[in-house]
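What follows is a set of notes on a single structure, which appears directly below.
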Amino acid sequence: MKQFKFTLLLIVALTTIISSCDTVSNVKYVQRNKVLILNEGNYKSQDGSVYVYDEDTKMMTPNAFAKANNNKKLGATLMSGTFSNYGIGYLLCSNPDKIEVINVLNMKTLTNPIEANLSNTREIALGGEFIFVTNAGETRVENPDGSYSYTESYVSVYNASNNNPVDTIHVGTDAHGLLYFEHALYVGTKEGIVKLRRDGSRFVTEEVYQDEEYTGAVKHLCYYNNRIYASIPGYGVIEYDPYDDRTRNRFDMADCLDPYTGYITIDSKGRLYSYATDWDSQTSGIYVLSLATGELEEIHSGENLYSVGVSTYSGNLFTSEANGFATNSTMDIIDLKTGYSVGSQTTGIGTFRYLFFSYFEEDTTTEEK
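Residue -8 is where the sequence shown starts when you use the numbering used here, and the numbers rise one by one after that.
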């Protein structure tokens, strides 16, 4: 839902500018609809990448970031991305840890990368005049299953107007997803949802909330209709009320969430989407949950599914097969009205996220009368 809000505001801002110009020049404009496709890359190969897909022409631009910036590398792993109402994009990378700041329309970098106060990055978000990044840090302990928990994870806060660091907030173990809502920052951690209240340019911990039934680590956070939805792999999704800090509803999705990222996204109609892959059996599915009725349905299946997103323009579902990370991913576009594929494209290695945006440009095909 956060992506939808940014897209809508971007259109409104540009429409206002265009309308004021149109009264003078009578120039006609057309809406363009693009998708930034974030490709994680192979950790050992320094090949994280961004592709750009045009929903109108169905054309794909591979390695768009590298082509726009003299073959500059993003790094070993692209971790997350977002963009502002003004079309400024932020690409969060790991190895090296950095944030590339770009113009989403042409993919060119706007500033030097942000590198201060980053360590083992996870997710990025915007809110107010700030940029927020979750960091795992370096301090870790081994879990019984052989995985690691990072016990001194933190959030880096930057001023979005000049990219300068303004705060570092230690939030507990395994900080991951984050969301800014009404002057408060919410962070998913192993201990629960950490609520940080803004105090000037700094943030102070107000509460750490853990659901009494879904007691696992909180991963991804989404906002819809004055509620925050938090994914908890191994359990499901909780509907959290930010006004009285309690769970309003629980949705059993134990087998429908990626165990590492718990990635979820919500469309404009109140439908929550997730994916899950069993790497041993090579089976995976895309799931949709109605937030109004609680009805859960598997709407697509595959082998190595690694992403899910819903276009704010076409309403089509985007997903990808990772193909074992040995080669490029295969992106599939599905018409949710019919359930059928309406397109397939080759994308980068480890396609994991989609950023949808629309803008207006002058219609050069219009003939003068």
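C-beta: ideal position from N, C-alpha, C; glycine also.
Should residue i and residue j be called a contact, given that it needs their Cβ atoms to be closer than 8 angstroms?
{"i": "Ile255", "j": "Cys213", "result": "yes"}
{"i": "His211", "j": "Gly261", "result": "no"}
{"i": "Leu263", "j": "Tyr220", "result": "yes"}
{"i": "Lys68", "j": "Ala116", "result": "Looking at the sequence provided, one finds Thr at residue 68 rather than Lys. No."}
{"i": "Ile93", "j": "Gly80", "result": "yes"}
{"i": "Val124", "j": "Ser147", "result": "yes"}
{"i": "Ala127", "j": "Asp165", "result": "yes"}
{"i": "Gly207", "j": "Gly225", "result": "yes"}
{"i": "Ile324", "j": "Glu31", "result": "no"}
{"i": "Leu329", "j": "Leu296", "result": "Looking at the sequence shown, residue 329 is not Leu but Thr. Contact flag unset, no."}
{"i": "Lys304", "j": "Ser265", "result": "Here residue 304 is Tyr; the residue named in the question, Lys, does not match the sequence. Taking 8 angstroms as the Cβ cut-off, Tyr304 and Ser265 do not qualify as a contacting pair."}
{"i": "Ser85", "j": "Met98", "result": "no"}
{"i": "Asp88", "j": "Glu106", "result": "yes"}
{"i": "Glu182", "j": "Gly163", "result": "yes"}
{"i": "Glu120", "j": "Asn150", "result": "yes"}
{"i": "Cys33", "j": "Phe316", "result": "Cys is not the amino acid found at residue 33; the sequence shown has Asn there. Their beta carbons are under 8 angstroms apart, which means Asn33 touches Phe316 by this criterion."}
{"i": "Leu327", "j": "Leu308", "result": "yes"}
Would you mind giving the Cβ-Cβ distance between residue i and residue j, rounded to the nearest angstrom? I have them listed as a contact below 8 angstroms.
{"i": "Val299", "j": "Ile277", "result": "5 angstroms"}
{"i": "Thr321", "j": "Glu312", "result": "5 angstroms"}
{"i": "Thr142", "j": "Thr130", "result": "5 angstroms"}
{"i": "Tyr42", "j": "Asn54", "result": "7 angstroms"}
{"i": "Glu289", "j": "Gln273", "result": "Not confirmed; about 16 angstroms, so no contact."}
{"i": "Arg218", "j": "Asp232", "result": "6 angstroms"}
{"i": "Arg241", "j": "Tyr205", "result": "6 angstroms"}
{"i": "Phe351", "j": "Tyr20", "result": "4 angstroms"}
{"i": "Leu29", "j": "Gly118", "result": "The pair is not a contact, with the Cβ atoms about 20 angstroms apart (cut-off 8 angstroms)."}
Per DSSP, residue i is paired with what?
{"i": "Met51", "result": "Tyr44"}
{"i": "Pro156", "result": "Tyr149"}
{"i": "Val95", "result": "Paired residue(s): none; Val95 is not in a bridge."}
{"i": "Leu282", "result": "Answer by DSSP bridge pairing: none, since Leu282 is not bridged."}
{"i": "Asp323", "result": "Thr310 and Ser335"}
{"i": "His161", "result": "Tyr145"}
{"i": "Ile340", "result": "Beta-bridge pairing links Ile340 to no other residue."}
{"i": "Ala166", "result": "Ala166 is not bridged to any residue."}
{"i": "Tyr345", "result": "Ile28"}
{"i": "Glu173", "result": "Paired residues: none, contrary to the question."}
{"i": "Val301", "result": "Leu308"}
{"i": "Leu65", "result": "According to DSSP, Leu65 bridges with nothing at all."}
{"i": "Val18", "result": "Answer is none; Val18 lacks a bridge partner."}
{"i": "Thr379", "result": "Because the chain here runs from -8 to 360, residue 379 falls outside it and cannot be looked at."}
{"i": "Lys89", "result": "Cys84"}
Just to check, is the beta-carbon of residue i closer than 7 angstroms to a non-hydrogen atom of the ligand ADP?
{"i": "Val43", "result": "The ligand content of the structure shown is nil, which means the ligand ADP is not present either."}
Review point. Three or more beta-carbon pairs under 8 angstroms between the segment 317 to 335 and the segment 54 to 61, yes or no?
Key: Here the segment 317 to 335 makes no contact with the segment 54 to 61; the two share fewer than three CB pairs at distances below 8 angstroms.
Point to revise | Uninterrupted beta strand (DSSP E) stretches inside the segment 179 to 258 (no shorter than 3 residues) | key: For the segment 179 to 258, the continuous beta strand (DSSP E) assignments of 3+ residues that do not extend past its boundaries occur at 183 to 190, 193 to 200, 212 to 215, 218 to 223, 227 to 232, 237 to 243 and 255 to 257, in sequence order.
Practice item. Any chance you could list the beta strand (DSSP E) runs of at least 3 consecutive residues sitting entirely within the segment 100 to 132, in chain order? Key: The segment 100 to 132 contains these whole beta strand (DSSP E) runs: 112 to 118 and 121 to 126.
Review point. Do the segment 25 to 34 and the segment 270 to 284 touch if we need at least three Cβ pairs shorter than 8 angstroms?
Key: Cβ pair count under 8 angstroms is below three, so no.
**Study point:** Inter-stretch contact (C-beta, 8 angstroms, three-pair minimum) for the segment 99 to 106 and the segment 132 to 141
**Key:** The segment 132 to 141 and the segment 99 to 106 do not touch, with fewer than three beta-carbon pairs separated by less than 8 angstroms.
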